[in-house]
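Student: Can you read through this structure? Questions will come right after.
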Amino acid sequence: MAYAEYRQRGLVHFHAVVRFDGPGGHTTLSPAWASFDALRVIVGPAVERARLTLESDSVGERVIRRGDLSKVDRISAPGDGELTDAKVAGYVAKYATKNTLDAPAHGAWRGVSTPSR
C-alpha cells in the first residue's frame, strides 16, 4: 500500500506499507526468509532505481525520483503488540491526513488558490 503525505513546504512525501503475510493470508505466519532485515535489503535498491518520466506540452519532459532521504522503519503496534489491519489503517490515516488541517477551507494554501465552485 502506498500513499502520499502533503508536506507544508510544498513537497509530496511518499509512504509505502509492505506486509509479509503467510501463505494463508494475514492470519498465518510469513515464511522464515520474509524478515524485516530482508525487506530492508530489498527496498533500498528498488527505491534508488525508481523513476517516473512525465511529459507535458507546457514544461516538456520531467523525471521524478525519490529525494535524498529514504528509510525503512518497522511499524510497531501500541498496546498488546498485535499489528492488526485496523492498526495499520490507523497508521496510514495518520500520515495521509497529517497536513489537511493546515489548509484553509476555502482552498488557498501556501499562496495557491483554487477557483470557488
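First residue of the sequence shown? That's 11 in our numbering, and the numbers climb one at a time after it.
Even for Gly, the Cβ is constructed at its ideal location relative to N, Cα and C.
Need the endpoints of the alpha helix (DSSP H) that leucine 49 sits in, please.
Tutor: Taken as a continuous stretch (DSSP letters only), the alpha helix (DSSP H) holding leucine 49 covers 46–59.
Student: Looking at the unbroken beta strand (DSSP E) that takes in valine 22, where does it start and where does it end?
Tutor: Here the beta strand (DSSP E) through valine 22 covers 22–26.
Student: For leucine 49, which option in Gly70, Val22, Lys81 and Arg61 has the closest C-alpha, if you only look at C-alpha atoms?
Tutor: Comparing Cα-Cα distances from leucine 49 to each of Gly70, Val22, Lys81 and Arg61, the minimum goes to Lys81.
Student: In three-state terms, what does DSSP make of valine 98?
Tutor: In the structure shown, valine 98 sits in a helix (DSSP, three-state: H, G or I).
Student: Could you check the C-alpha separation between lysine 104 and aspartate 67 for me, to the nearest Å?
Tutor: Each residue's Cα considered, the two are about 36 Å apart.
Student: Rounding to the nearest angstrom, what Cα-Cα distance links phenylalanine 46 and arginine 76 in this structure?
Tutor: Straight-line Cα distance between these residues: approximately 22 Å.
Student: Among all the DSSP beta bridges, which residues are the ones paired with leucine 64?
Tutor: Answer by DSSP bridge pairing, in chain order: Arg72.
Student: With H, G and I counted as helix, E and B as strand and the rest as coil, what does DSSP make of glutamine 18?
Tutor: DSSP places glutamine 18 in coil when its eight states are reduced to three.
Student: Below 8 Å on the Cβ atoms is my guess for glutamate 71 versus glutamate 65; work out the distance and round it to an integer in Å.
Tutor: Contact flag correct, Cβ pair sits at about 5 Å.
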